[in-house]
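Plus 3 on top of the position in the sequence shown (first one is 1) and you've got our numbering. Beta carbons: idealized from backbone N, C-alpha and C, even for Gly. Note that the coordinates shown come from a computational prediction; the quantities given were computed from them, not determined experimentally. Note sheet for the following structure.
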Amino acid sequence: MTDVSTYFNQVYEATFRTLMRACVCKARRLADAEDLLQNTYARFYRYIQKHGVGSVQNPQSYLLGILQKELIAYYRLLPWSREVALDEISELPDPNESTESRCIRALTVDEVWKQIRSESELTQRVFLLYYAYGLHLKEIATVLHLTEAAVKNRLLRTQRKIRMQLIEEEK
């Protein structure tokens, strides 16, 4: 029989990308996504501790239901804010990469994220869903209730702005 921690880790690995995508699409602010996911998984963990490992037939559906309840509760208590925030995505450095290359890459990544943060929240969501979570244009259009052309235009405009910004800084 599987213990609670092992089962939780298996479910987490199997469902994280799906829940993160749903959370990024439904959260009012991108900065809230991490808190909402943490609350969702914490509630799930407490539930399986109390009721046992086999108590949930479809963990992904159950977690999506918890996420929906968390979204409602979170925004009922949190006043509406127009603040736009995008957490930086960090990754482990490549041990074979030189320190100089790593610094140049880090500066470039910082400049790119700075430009993305200056865009509208909808554009940030499109960019994040496309590049960080690998959704196709059609999927992004569906979840954000946009046309494929609108998604593609947002991506291309943002890419162009980033490219222009990097070219200007090189001069």
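For this session: Give a yes or no on whether 8 Å exceeds the smallest Cβ distance from residue 119 to chain D.
Result: Given the protein chain composition of this structure (a single chain), no chain D is represented.
Problem set entry | Three-state secondary structure assigned by DSSP to residue 58 | Position 55 of the sequence shown, counted from the start, is the residue given in the question as residue 58. Helix.
Exercise. Using the C-alpha atoms, what's the distance from residue 144 back to residue 50?
Worked result: Within the sequence shown, residue 50 is the residue found at index 47, counting from 1. Within the sequence shown, residue 144 is the residue found at index 141, counting from 1. Roughly 34 Å separates the two Cα atoms.
Exercise. From residue 59 to residue 14, what distance separates their C-alpha atoms?
Worked result: As a working mapping, residue 59 is identified with position 56 in the sequence shown. As a working mapping, residue 14 is identified with position 11 in the sequence shown. Between residue 59 and residue 14, the C-alpha separation is close to 11 Å.
For this session: Just tell me which of 52, 61 and 44 has its CA closest to the CA of residue 72.
Result: For the purposes of this step, residue 72 is identified with residue 69 of the sequence shown, where counting begins at 1. Residue 44 is the option with its Cα nearest to residue 72.
Problem set entry | Anticipated Cβ contact below 8 Å, residue 154 with residue 129, distance rounded | If you number the sequence shown from 1, residue 154 lands on position 151. If you number the sequence shown from 1, residue 129 lands on position 126. The pair is a contact, with the Cβ atoms about 6 Å apart (cut-off 8 Å).
Problem set entry | Assigned exposure category for residue 79 - 16 Cβ within 10 Å defines buried | Within the sequence shown, numbered from 1, the residue matching residue 79 stands at position 76. Label assigned to residue 79: exposed.
For this session: Grab me the residues of residue 69's own chain with a C-beta within less than 7 Å of its C-beta, minus the 5 sequence neighbours each way, in chain order.
Result: Position 66 of the sequence shown, counted from the start, is the residue given in the question as residue 69. Closer than 7 Å at Cβ, skipping near neighbours: 43, 46 and 47.
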